[in-house]
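**Q** Quick one: structure below, then a few questions.
2 protein chains.
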Amino acid sequence: MKQQTVETPAALVDLGRVERNVARIAAYCRSHALAWRPHVKTHKSRRLARLELEAGAVGLTVATPFEAEVMSEVTDDLLLAYPPVGPEKLARLMALPDTVRLSVALDSVEALEAMAAAAAAKGRSVQVLVELDVGARRVGVATPGEAVSLAGKAADLPGVTYGGVAFYPGHIRQPESEQGAALSELSALVGRFREALERAGLPPRVVSGGSTPTAFGSHLVEALTEIRPGTCIFHDRDIVQMGVAGWNELAYTVVATVVSTAVPGRAAIDAGSKALSKESFRSGASGFGVLYDHPEVELVSLSEEHGVLDLGRTDWRPTVGDRVRVVPNHVCVSVNLQDRLLVQTHDGLEAWPIDARGRGLSPS
Amino acid sequence: MKQQTVETPAALVDLGRVERNVARIAAYCRSHALAWRPHVKTHKSRRLARLELEAGAVGLTVATPFEAEVMSEVTDDLLLAYPPVGPEKLARLMALPDTVRLSVALDSVEALEAMAAAAAAKGRSVQVLVELDVGARRVGVATPGEAVSLAGKAADLPGVTYGGVAFYPGHIRQPESEQGAALSELSALVGRFREALERAGLPPRVVSGGSTPTAFGSHLVEALTEIRPGTCIFHDRDIVQMGVAGWNELAYTVVATVVSTAVPGRAAIDAGSKALSKESFRSGASGFGVLYDHPEVELVSLSEEHGVLDLGRTDWRPTVGDRVRVVPNHVCVSVNLQDRLLVQTHDGLEAWPIDARGRGLSPS
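Structure representation (structure tokens):
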């Protein structure tokens, strides 16, 4: 298989860059005595997860029961960083191999009691982390009092053990160089939760946090014991814009073909929202992606199968049939749209499956 | 299978509404003597395509060679409304059964010559429609002169026949009641292209247009012979906002579970950007979807597996474990994220495959 003759759009992964990205975050965590538990939602690939584990990850983070199923083949240490709500999800979790040490993050009595009952019925033990809202306003208890209450219940119930706390600092999205104040505030906030839990006799053994935007500032958050960044295996336009990674650390692009140059000042490529996802640039700039080899060229609009390039700020003049590589705004949702990853390895181009894509449901 | 016990998020289709939606557009086209060639990109399902054909569709519209492959099992009359650029795409098209009458829309000499050469080499004949840009600034020739030039080349080349013109009025997105002026302008513009082609001895036999937002105004565009709306089989929040369909015509929702109510004023559900797509509301309103049964409740933010509901404008107070149905902003990109459709038929809930999802590539 050759990159020049694959049908487009196609997802291209540079394995050399993946290895360097993984080595960088692994080294950072080692040097700050942080456990590294990468989130697999970005790649959903067993082979890439194995590569992270071989580089020093203590286990894996997953967001869905199907990701847990798939990844239980490569590790025995899984954190479901997502409330396990509903009998269907609990049944899938309880069908994981007995060798799996499962942790779950949750923020409600309902989720806790159902998880405990399901685990007790199976004679299993699941570690519970109390999810904290540290500013993203998505999930997580808002106050130390609620955290103590839920942690106390987790400590008392059969089927579960209380392990500590988890949070996602998804609200911190400023450039890395300007995160200092936000990270100090985060550190103080997490500290208040930790102190309340300690006073209640429920000291957290695990304090699990970390996103890719804040990954390399994690040592500034005093209480942290582990981090869960996912995107940093590939990076994307958003992460580069924040100064967290450089252009030469981008390990994922979508190869596309120029299919039209008929509209003056524009060109259309065959990567649209069904290959990239029409996700606005979170760091404020416009467009739905840029070209890797012509970063001045933005995708100004996306239809389902068309990406429209603005040629207003470039001397590059594409011809119908030309191939380009697109850097997506958000890599995780682009990977999730692919049938496979084309991985440029040291031995050539290989097709790797995206094993945990979807829900694990048979199509019919 | 019961709706109450399927694992969420899950895509739910109301077959009764689908049948009524299909009957409505079929009746409209019959009453205005327009050929109806629905775009399958919305559902990618052979069974739903068959339902459209049985209701009177003259053939199907596809956007990718794989959609053409899949749909060649249910019709012999296919329009690829997309420039067929690149040897891999041409090879796939030329491998379609000999019984398929294939048309393609294109806007460049490069695409035309390559298509003609590929067809001639196979002893096939492909009908070419010249793609016009009528305002969307995506693909399509800009001037009648360019259209005449390309049509003339298509008429001369072996392997292809010249059939007429195609366009996509994707720029018309105002409410249906305010589209009059835009449709008059479109009619006049298409008329100028048609007259130029007639003067050059190249009268278009086919004038193919039509989107769901403009579908029921198609009779106001004088030259049209066929329309290609796709979304109108399901409709979505965007289409309802434009007044093109009513709430009780919405035939597709995503069933989700409330997984957290911990954050004051909000609730999180398990349908995020990997079930709905984080696509802004094109008609100006905010949010990434609304609840079918509580339309005052908007999804104010989406993460990959979390949808965050704003409870600020509702008396409804959800509990962890509750099920809700989400109306997505844009249905086509949500369908494309699903493993299957759960179709509420007259006989119960059935899982239907989304046959043409993906690129038709083996995962490894």
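Taken in order, these protein sequences are the chains called A and B. The opening residue of the first sequence carries number 9 in the working numbering; numbering runs sequentially from there. The opening residue of the second sequence carries number 9 in the working numbering; numbering runs sequentially from there. Note that CB positions come from ideal geometry on N, CA and C, so glycine has one too.
#1: Can you tell me whether B/ARG54 is buried or exposed? The criterion is at least 16 other CB atoms within 10 Å of its CB, across all chains shown.
#2: When you compare only the Cα positions, how much space is there between B/PHE289 and B/ALA65?
#3: Can you check the segment 272-342 of chain A for any beta strand (DSSP E) of at least 3 residues that lies completely inside it and give the ranges in chain order?
#4: What residue does the beta strand (DSSP E) around B/GLY199 start on, and which one ends it?
#5: Counting contacts by CB-CB distance shorter than 8 Å, is A/HIS314 in contact with chain B?
#6: What ranges does the beta strand (DSSP E) occupy inside the segment 58-117 of chain B, keeping only unbroken runs of at least 3 residues that lie completely in it?
#7: Would a C-beta distance cut-off of 8 Å place A/ALA264 and A/THR72 closer than the cut-off?
#8: Residues of the segment 78-96 of chain A with a CB closer than 8 Å to any CB of chain B: list them in chain order, please.
#9: Would you kindly work out how many angstroms separate the C-alpha atoms of B/TRP360 and B/ARG367, rounded to a whole number?
#10: Can a CB atom of chain A be found closer than 8 Å to the CB of B/CYS340?
#11: Could you name the residues of chain B that A/ALA119 contacts, counting a contact when the two beta carbons are closer than 9 Å?
#12: Would you say the segment 275-283 of chain B touches the segment 229-246 of chain B, given that touching needs at least three Cβ pairs under 8 Å?
#13: For the candidate residues B/SER309, B/SER216 and B/ALA275, whose alpha-carbon lies nearest to that of B/PRO46?
#14: Determine which residues of the segment 55-80 of chain A have a Cβ less than 7 Å from any Cβ of chain B, and write them out in chain order.
#15: Determine the DSSP secondary structure at B/VAL136, reduced to helix, strand or coil.
#16: With C-beta atoms as the reference, is A/PRO336 less than 8 Å away from A/ARG213?
#17: Quick check on A/LYS161 - is its C-beta less than 8 Å from some C-beta in chain B?
#18: What does B/LEU194 reach in chain A if we use C-beta pairs closer than 7 Å?
#19: Write down every uninterrupted run of the beta strand (DSSP E) in the segment 207-247 of chain B whose length is 3 residues or greater and which is fully enclosed by it, in chain order.
#20: Could you give the distance in angstroms between the alpha-carbon of B/LEU194 and the alpha-carbon of B/VAL142?
#21: So A/LYS130 contacts chain B; which residues on that side make the cut at Cβ distance below 7 Å?
#22: May I ask you to verify whether the segment 254-274 of chain B touches the segment 319-330 of chain A, counting CB pairs closer than 8 Å and requiring at least 3?
#23: Please list, in chain order, the chain B residues whose beta carbon lies closer than 7 Å to that of A/ASP141.
#24: Taking its Cβ as the centre, do 16 or more other Cβ atoms sit within 10 Å of A/GLY356, making it buried, or is it exposed?
#25: Can you find a C-beta in chain A that's less than 8 Å from the C-beta of B/LEU369?
#26: Taking 6 Å as the limit between beta carbons, can you name the residues of its chain near A/VAL138, skipping five residues before and five after?
#27: Cβ atoms of B/ASP84 and B/ARG100: under 8 Å apart, would you say?
#28: Cβ atoms of A/THR69 and A/ALA89: under 8 Å apart, would you say?
#29: Which term fits B/MET123, buried or exposed, when burial requires 16 or more other beta carbons within 10 angstroms of its beta carbon?
#30: Would you check if the distance between the CB atom of B/PRO152 and the CB atom of B/ALA204 is smaller than 8 Å?
#31: Any contact between the segment 244-262 of chain A and the segment 22-35 of chain A? By contact I mean 3 or more CB pairs, one from each, below 8 Å.
#32: So what does DSSP say about A/ALA155, is it helix, strand or coil?
#33: Compare the C-alpha of A/SER185 against each of A/THR222, A/PHE175 and A/ALA150 and name the closest.
#34: Could you tell me the distance, in whole angstroms, from the CA atom of B/ALA407 to the CA atom of B/LYS161?
#35: Quick one, which of B/ALA18, B/GLY320 and B/LYS10 has its alpha-carbon nearest B/ARG348's?
#36: CB-CB under 8 Å to B/THR169, same chain, minus the five flanking residues each way: which ones, in chain order?
**A** Taking the geometry as given:
#1: buried
#2: 30 Å
#3: 274-277, 297-299, 307-310, 315-318 and 331-336
#4: First-last for B/GLY199: 188-207, but that is the alpha helix (DSSP H), not the beta strand (DSSP E).
#5: yes
#6: 68-70, 85-88 and 109-114
#7: no
#8: TYR90, PRO91, VAL93, GLY94, PRO95 and GLU96
#9: 19 Å
#10: yes
#11: VAL267, SER268, VAL328 and GLY329
#12: no
#13: B/SER216
#14: ALA71 and THR72
#15: strand
#16: no
#17: no
#18: Simply none; closest approach about 17 Å.
#19: 214-217
#20: 7 Å
#21: Near A/LYS130 there are no residues of chain B at all, since even the closest Cβ is about 18 Å away, more than 7 Å.
#22: no
#23: ALA270 and VAL271
#24: exposed
#25: yes
#26: ALA155, LEU158, ALA159 and VAL173
#27: no
#28: yes
#29: buried
#30: yes
#31: yes
#32: helix
#33: A/THR222
#34: Here chain B has residues from 9 to 372 only, and residue 407 of chain B is not among them.
#35: B/ALA18
#36: SER133, VAL134, GLN135, VAL136, ALA162 and ALA163
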